[in-house]
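Novice: My questions will all concern the structure given below.
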Amino acid sequence: MLYAILCYHDEDFVGSWSREEDAAVMEKLKLVHGKLAAQGRLGPVARLLPTTAATTLRKDSEPPVVIDGPFAETKEQLLGFYVVDCADLDGALDVARDLALANPGGAYEIRPIGLFMPGAAQP
Amino acid sequence: MTDLAWIDTAITASRPQAIGALLRYFRDLDTAEEAFQNACLRALKAWPQNGPPRDPAAWLILVGRNVAIDDLRRGKKQQPLPDDEAISDLDDAESALAERLDGSHYRDDILRLLFICCHPELPPTQQIALALRIVSGLTVPQIARAFLVSDAAMEQRITRAKAKVARARVPFETPGAPERSERLGAVAAMIYLVFNEGYSASGDTAGIRAPLCEEAIRLARLLLRLFPSEPEIMGLTALMLLQHARAPARFDAHGEIVLLDEQDRGLWDTKLIAEGLALIDKAMRHRRTGAYQIQAAIAALHARATRPEDTDWAQIDLLYGSLEILQPSPVITLNRAVAVSKVRGAEAALAMIAPLEERLSNYFHYFGTRGALLLQLGRRDEARTAFDRAIALARTTAEANHIRMHLDRSKRDDAAERINP
C-alpha cells in the first residue's frame, strides 16, 4: 500500500527562514529520506514552490477559467495529484484542461515544483 | 535554544502584520514599535511555557495593544508593569481577535505601513532605512553595516525619517482602489530600492549587503501574497529572484566582477530561478505589461540560457525596445545596445549609443560599454580613451579593476601584434 503524505505549513513562517535555517531543515529531512530510500520505501518526493507561484484552472464553467493563486475553497479537499513535465505554464494548463474534460467540477491547482526526487517504492 | 529560534522566526514572520495593526490603533510609529517590542518580550516568557499560539500575529497585536493602552492610561505616573497574569483571558480574547483579523485586514495594514515608509517627502535612503527598521525589524547596527555608514549616522537618519513621518499628515483610512494601486506602485519602487542597495555591492561588500536583497525578496513575496493577481508585483518579485539567483557567480574569489558571459552558470541558484520563471510566466498571461515584468522577462531569457551563446539576444533586443517606449531612459538604450551588438554587430551598437554621450557623460557603464564595443572593432586607441574615462568614474574598486583588466588585455594584444605583425 502506498501512502501520499501531503505537507502543510504556514507559508509566512517558512518564508521567514534564512537560507541557513532552510538548509538545516532540508539536511534533517535528508536523513529521513535516506533511511526510507535504503529500505526501498521512498516514492516521489516533491517540494512545491510558494502558493504565489500557483495558478488555478476552475472547471465549473465552460471554457474553464484560469485564475491566479492557489485553490482556496475550503469546502474542497485535495484528492490526489499528478506530476507532469511541461515546457511552461501554458503546457501545464493544456494538460489540466484535458483532465478537466474527463473529470468535471472542482479545480486543478497548478504549482511549480521546487524539488523533485523520483524515489523507488513500488506498489 | 530551539524554542528561542522558533520564537524568533514566528516574530519575524508576524512583524509586518503586527506593527501594521498597532500603527492603525495608535497612529504613531514610535508607540506601535514600542508596543510590539513589549509584546515580543512577553512572548519570550509565555510561548515556551504555553506553546505556540494559534495565530502569533494576533497574539502579538492583542498583547502589544493592551500593554500600550495600560501605559497610556497610567499616563506619566511611574508604576511597575502589571504581572503577566493581569492580562486576563488571553486565549478567549485571542480567538475572537483572530477571527476578525482576516487576510484583507492585514492587507491594508501592511500596505499602509509600507506606504508610510516610502513617504514621498523622504529621500530614498531614508525610505529604505525606515522600512528596514520598522517593517523588517533589522537593528540600527545591522542597517548601518549594510549601508556602510556608522551606527550614529544611521540612527540619525532613522530618527529624522520618523520625525518627518510624524509631522506629515498620513492618511489612515482604508485606501480605495485607485489609491491602493498608486500606493502599490510606490511600495514596489521602495522594495526595489532596498534590493538595489544590496545588489550594487562590490566584491568585498557582497557578503555584508546580500541580506538587503534577501529582505527585499521577502517583502515582495509578502506583498504578492496580499495581492496575488497584480502582474507588476509578480514581475518585481521575479526580477529580484532572477537577479539574486546569479549572486554567487557575480564576483570571483578575489572580489573581482565576473561578467554575465563569463559567469559559472552552475553557481546560479536554480531554486530561485525556478520561482522567478514561474512568476514571470504567470505575470505575462495577464497582458498588462509593466516595466518590472519586461525587466524580469529579460532576466528570464538569461536564466534560461544554459550557455552564454544560447542567449536569445534578438528577443532581449525586442524587450528592451518595449522598455524604451514604456520608460524612455538613456540607460535603457545603453543596455539595449549590448543586445544590439550581439544581434547586429558592434558598429550598429556604437551608432546607437553615440547620441547618449552628453547625457551619460558621468556614467561609468557608458564608457565601459563604449570601450568594449570599440575593442571589438579593433579601434584600440579610442577604446583606451573610453576605458580611462570609465576608471575615473568607477564607484567601487571592483569596477575600476574590471576596466583595468580590459585595458591590460588590450595592451597585451598590442604587444603581441608588434612582435607578430
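Listed in order, the protein sequences are those of chains V and A. Per the numbering used here, the first sequence starts with residue 1, numbered consecutively. Per the numbering used here, the second sequence starts with residue 124, numbered consecutively. For every residue, glycine included, the Cβ atom is placed at its ideal position computed from N, Cα and C.
Whole angstroms are fine: how far does the CA of ASP537 of chain A sit from the CA of ARG502 of chain A?
Specialist: Distance between the alpha carbons of ARG502 of chain A and ASP537 of chain A is about 11 Å.
Novice: So who's on the other strand from TYR108 of chain V, going by DSSP bridges?
Specialist: Looking at the DSSP assignment, TYR108 of chain V forms a beta bridge with V:LEU57.
Novice: If you follow the alpha helix (DSSP H) that ASP440 of chain A is part of, which residue opens it and which one closes it?
Specialist: 436–449 is the extent of the alpha helix (DSSP H) around ASP440 of chain A.
Novice: Using a C-beta cutoff of 8 Å, does PRO371 of chain A count as contacting chain D?
Specialist: In the displayed structure, chain D is absent; the protein chains listed are V and A.
Novice: Does any residue of chain A have a CB that is nearer than 8 Å to the CB of PRO63 of chain V?
Specialist: Chain A, which has no Cβ nearer than 8 Å to the Cβ of PRO63 of chain V, makes this no.
Novice: Counting along the chain, where does the alpha helix (DSSP H) carrying ALA401 of chain A start and finish?
Specialist: Counting along the chain, the alpha helix (DSSP H) containing ALA401 of chain A begins and ends at 393–407.
Novice: Counting only the same chain and skipping the five closest in sequence on each side, list residues whose C-beta sits under 7 Å from that of VAL65 of chain V.
Specialist: Excluding positions up to five away in sequence, the list reads ARG58.
Novice: LEU79 of chain V lies in the beta strand (DSSP E); which residues open and close that run?
Specialist: Element bounds for LEU79 of chain V: n/a, residue is neither H nor E.
Novice: Taking LEU115 of chain V as part of the beta strand (DSSP E), name the residues at either end of that continuous run.
Specialist: Counting along the chain, the beta strand (DSSP E) containing LEU115 of chain V begins and ends at 113–117.
Novice: Can we say the stretch 299–315 of chain A touches the stretch 266–285 of chain A, given the rule of at least three CB pairs closer than 8 Å?
Specialist: Contact fails: fewer than three Cβ-Cβ distances are below 8 Å.
Novice: Looking at chain A, is there any beta carbon in it that lies within less than 8 Å of the beta carbon of ALA96 of chain V?
Specialist: It does not: the Cβ of ALA96 of chain V has no partner Cβ on chain A nearer than 8 Å.
Novice: Could you tell me whether the stretch 375–386 of chain A touches the stretch 358–366 of chain A, using the rule of 3 or more Cβ pairs below 8 Å?
Specialist: No: the two stretches stay apart, fewer than three of their Cβ pairs being nearer than 8 Å.
Novice: Could you name the residues that DSSP lists as bridge partners for ASP68 of chain V?
Specialist: Answer by DSSP bridge pairing, in chain order: V:THR55.
Novice: Taking DSSP's pairing of strands, which residues face PHE374 of chain A in a bridge?
Specialist: Bridge partners of PHE374 of chain A: A:ILE380.
Novice: Would you list the one or two residues that DSSP bridges to LEU234 of chain A?
Specialist: Answer is none; LEU234 of chain A lacks a bridge partner.
Novice: Identify the contact partners of ASP88 of chain V in chain A, using a Cβ-Cβ distance below 7 Å as the criterion.
Specialist: Going along chain A in sequence order, the residues near ASP88 of chain V (Cβ under 7 Å) are ASP404.
Novice: Helix, strand or coil: which one does DSSP assign to VAL272 of chain A?
Specialist: Looking at VAL272 of chain A - three-state DSSP - the assignment turns out to be coil, as it is neither helix nor strand.
Novice: Using a cut-off of 7 Å between C-beta atoms, extract the partners of LEU347 of chain A located in chain V.
Specialist: Near LEU347 of chain A (Cβ distances below 7 Å), the residues of chain V are THR52.
Novice: Return helix, strand or coil for LEU261 of chain A, following the three-state DSSP convention.
Specialist: Here LEU261 of chain A sits in coil by DSSP.
Novice: Roughly how many angstroms separate the alpha carbons of ALA120 of chain V and ALA333 of chain A, rounded to a whole number?
Specialist: Roughly 39 Å separates the two Cα atoms.
Novice: As an exercise, report each continuous alpha helix (DSSP H) stretch of at least 4 residues that is fully enclosed by the stretch 440–518 of chain A, in chain order.
Specialist: Those alpha helix (DSSP H) runs which fall completely within the stretch 440–518 of chain A and span 4+ residues are 453–467, 469–476, 487–499 and 503–516.
Novice: Please list the partners that ASP68 of chain V has in chain A, where partner means a Cβ-to-Cβ separation under 7 Å.
Specialist: Neighbours of ASP68 of chain V on chain A, chain order: PRO351, SER352 and LYS405.
Novice: Closest Cβ-Cβ distance between LEU29 of chain V and chain A: below 8 Å?
Specialist: Taking Cβ atoms only, chain A never reaches closer than 8 Å to LEU29 of chain V, which makes this a no.
Novice: Rounded C-beta distance between GLY326 of chain A and ALA521 of chain A? I'm assuming under 8 Å.
Specialist: Right, their Cβ atoms sit about 4 Å apart.
Novice: Helix, strand or coil, according to DSSP, for LEU48 of chain V in the structure here?
Specialist: LEU48 of chain V: strand per DSSP, three-state reduction.
Novice: Please return the same chain residues whose Cβ sits closer than 7 Å to the Cβ of ALA437 of chain A, not counting the five positions on each side in sequence.
Specialist: The answer, listed in chain order, is VAL466.
Novice: Just to confirm, is the Cβ distance from PHE295 of chain A to ARG138 of chain A under 8 Å?
Specialist: No, they are not a contact pair.
Novice: Should ARG541 of chain A be labelled buried (16 or more other beta-carbon atoms within 10 Å of its own) or exposed?
Specialist: ARG541 of chain A is exposed by the Cβ-count criterion.
Novice: Tell me, please, whether the stretch 78–98 of chain V touches the stretch 18–26 of chain V by the rule of three or more beta-carbon pairs shorter than 8 Å.
Specialist: These segments do not touch.
Novice: Cutting at 8 Å between CB atoms, please list the residues of its own chain near THR393 of chain A, excluding the five before and the five after it.
Specialist: For THR393 of chain A, where only same-chain residues beyond five positions count, the Cβ hits under 8 Å are ALA368.
Novice: Near GLY187 of chain A, which residues of its chain fall below 7 Å by C-beta distance, leaving aside the five closest residues on each side in sequence?
Specialist: Once the five neighbours on either side are set aside, the close Cβ partners of GLY187 of chain A are ALA141, LEU145, ALA158, PHE159, ASN161 and ALA162.
Novice: Return the first residue and the last residue of the alpha helix (DSSP H) that ASN189 of chain A is part of.
Specialist: Taken as a continuous stretch (DSSP letters only), the alpha helix (DSSP H) holding ASN189 of chain A covers 179–197.
Novice: Is it buried or exposed, GLY494 of chain A, if we count other Cβ atoms within 10 angstroms and call 16 or more buried?
Specialist: Counting Cβ neighbours within 10 Å, GLY494 of chain A comes out buried, since at least 16 surround it.
Novice: Three-state secondary structure (DSSP) at HIS425 of chain A?
Specialist: The answer is helix: DSSP assigns HIS425 of chain A an H, G or I state.
Novice: Looking at the structure shown, is CYS336 of chain A part of a helix, part of a strand, or coil, going by DSSP?
Specialist: DSSP places CYS336 of chain A in helix when its eight states are reduced to three.
Novice: With distance defined between alpha-carbon atoms, name the residue in V:THR52, V:CYS7, V:PRO63 and V:ASP12 nearest to VAL45 of chain V.
Specialist: Closest by alpha carbon: V:CYS7.
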